[in-house]
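Chemist: Before I ask anything, let me first share the structure, which is written out below as structure tokens.
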Amino acid sequence: MDSYQKFEDAIVEHWEAQGTSSVRRPYWSDAGEPLLEIPLLEKLLTVAVRDGSSAQSGSLAKALDMWVAEELRAAGFDAQSVWPRLVRPRVLDPSVLRFIGSLDARTAEKCCEVLPRFASANANVLGSTYCKQVDVGLSSWMTGPEILISTKTMSSAFGKNLANRFEEAYGDAKNLKGRHPLATLGFFFLLNSSIVDEPRNFSKAITMLQKLRVEDDAYDATCLMLVDWEEDGRLAISPLNEKVPEGLSATSFFREIVDLTLLRGAPESHELAREKRRLLQGSALEPPGWDMRA
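Just add 823 to wherever you are in the sequence shown, counting from 1, and you've got our numbering.
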């Protein structure tokens, strides 16, 4: 069992209750906006804090990572190429799975048993100057990194920590874009909604997220999402998100990530994602032979 297991279990339970999966559900509305599974995000965030983990433990960030990855899978990107994967190992080149699939059943079963011992739970991507652990992404041996998303969470001490977060984010963007200029870079920032009570810090967060995407060799999409800590221990996406500019909203973020990745990819790549983008709400394409727990 790894640190993502409780989120894997919550995700599988969520989709089983709905009789579908992230890959099979419709992803785009008639207006061309992503249909984000916000209830799943709230469930994962609540799981992260209800087991006693603090915001500083990394559990909250892992919950966010798993949700962002689920949204990429729902958009139609290869479920095995997106990390963190729904199942262990969390990071694995899909060509390895294709190779295992070509083996006889007995040998393939043995390979699957030992595979988690040799694969990594983290994705380390070499940038122009240093190697960076990337929270969420899409990559394969043939294409190299196509999507690289950094996620950050912050629950308090905004005045003390905001500047450091943005300095790190700016440096990471330059580093990754320097080596992977065609990769779609995203920065997703989840904040306690109490920051709204600190107008100067709230304005600073908005301005810095907007600045992170101004330069061509920085982020392609940035997002600011506010979350409420409820008295009963639940975490809920805050109504105060209406104060966040539309360009920093989660719907805008995923729309830009998907569209830029499809634009920069080969015309024959990401077939399911391209097909989903063309389909109207409620008529999602049945994905070809993908098992949620394969």
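For each residue, glycine too, the CB sits at the ideal point set by N, CA and C.
What does the alpha-carbon distance come out to for the pair T974 and E1098?
Modeler: Looking at the two C-alpha atoms, the distance is approximately 28 angstroms.
Chemist: According to DSSP, is W838 part of a helix, a strand, or is it coil?
Modeler: Reduced to three states, the DSSP call for W838 is helix.
Chemist: Would the beta-carbon of W906 fall within 8 angstroms of that of V846?
Modeler: No.
Chemist: So what's G924 in DSSP terms, helix, strand or just coil?
Modeler: Here G924 sits in helix by DSSP.
Chemist: Which runs of the beta strand (DSSP E) fall wholly inside the region 1020-1102 and span at least 3 residues, in chain order?
Modeler: Correct list: 1044-1052 and 1058-1060.
Chemist: Helix, strand or coil for Q828 per DSSP?
Modeler: In this structure, Q828 counts as helix in the three-state DSSP scheme.
Chemist: Please classify G982 as buried or exposed, where buried requires at least 16 other C-beta atoms within 10 Å of its C-beta.
Modeler: With fewer than 16 Cβ atoms within 10 Å of its Cβ, G982 is classed as exposed.
Chemist: Where A897 and R848 are concerned, what is the direct C-alpha to C-alpha distance, given to the nearest angstrom?
Modeler: Rounded to the nearest angstrom, the two C-alpha atoms are 7 angstroms apart.
Chemist: Check whether the Cβ atoms of E865 and A1073 sit closer than 8 angstroms, and answer yes or no.
Modeler: In this structure, A1073 does not lie closer than 8 angstroms to E865 by Cβ.
Chemist: State the DSSP-derived secondary structure class of M965, mapped to helix, strand or coil.
Modeler: Here M965 sits in coil by DSSP.
Chemist: With which residues is T974 paired in a DSSP beta bridge?
Modeler: Answer is F1011.
Chemist: If we count the other Cβ atoms within 10 Å of its Cβ and call it buried at 16 or more, is L949 buried or exposed?
Modeler: When all chains shown are included, L949 counts as exposed.
Chemist: Note down, in chain order, each residue of its chain lying with its Cβ closer than 6 angstroms to the Cβ of T952, except the 5 sequence neighbours on either side.
Modeler: Hits under 6 angstroms: N998.
Chemist: In or out: E936 buried (at least 16 other Cβ within 10 Å) or exposed?
Modeler: It counts as exposed.
Chemist: If you count every other CB in all the chains shown that lies within 10 Å of the CB of T1030, and 16 or more means buried, which is it?
Modeler: The residue in question, T1030, is exposed, as its Cβ has fewer than 16 Cβ neighbours within 10 Å.
Chemist: Could you have a look at A944 and say whether DSSP puts it in helix, strand or coil?
Modeler: Correct three-state label for A944: coil.
Chemist: CB-CB under 7 angstroms to W890, same chain, minus the five flanking residues each way: which ones, in chain order?
Modeler: Cβ neighbours of W890 beyond the five flanking positions: L863, L864 and L867.
Chemist: Can you tell me which of the three DSSP states G982 falls into?
Modeler: Note: G982 maps to helix in three-state DSSP.
Chemist: So for L863, helix, strand or coil by DSSP?
Modeler: It is helical.
Chemist: Does the contact criterion of 3 or more C-beta pairs under 8 angstroms hold for the region 1076-1085 versus the region 1041-1051?
Modeler: Enough Cβ pairs lie closer than 8 angstroms, so yes.
Chemist: Note down, in chain order, each residue of its chain lying with its Cβ closer than 8 angstroms to the Cβ of D874, except the 5 sequence neighbours on either side.
Modeler: So the qualifying residues of the chain are K829 and S882.
Chemist: Once you ignore the five residues that flank D901 on each side, which residues in its own chain have a CB closer than 7 angstroms to its CB?
Modeler: Cβ neighbours of D901 beyond the five flanking positions: P917.
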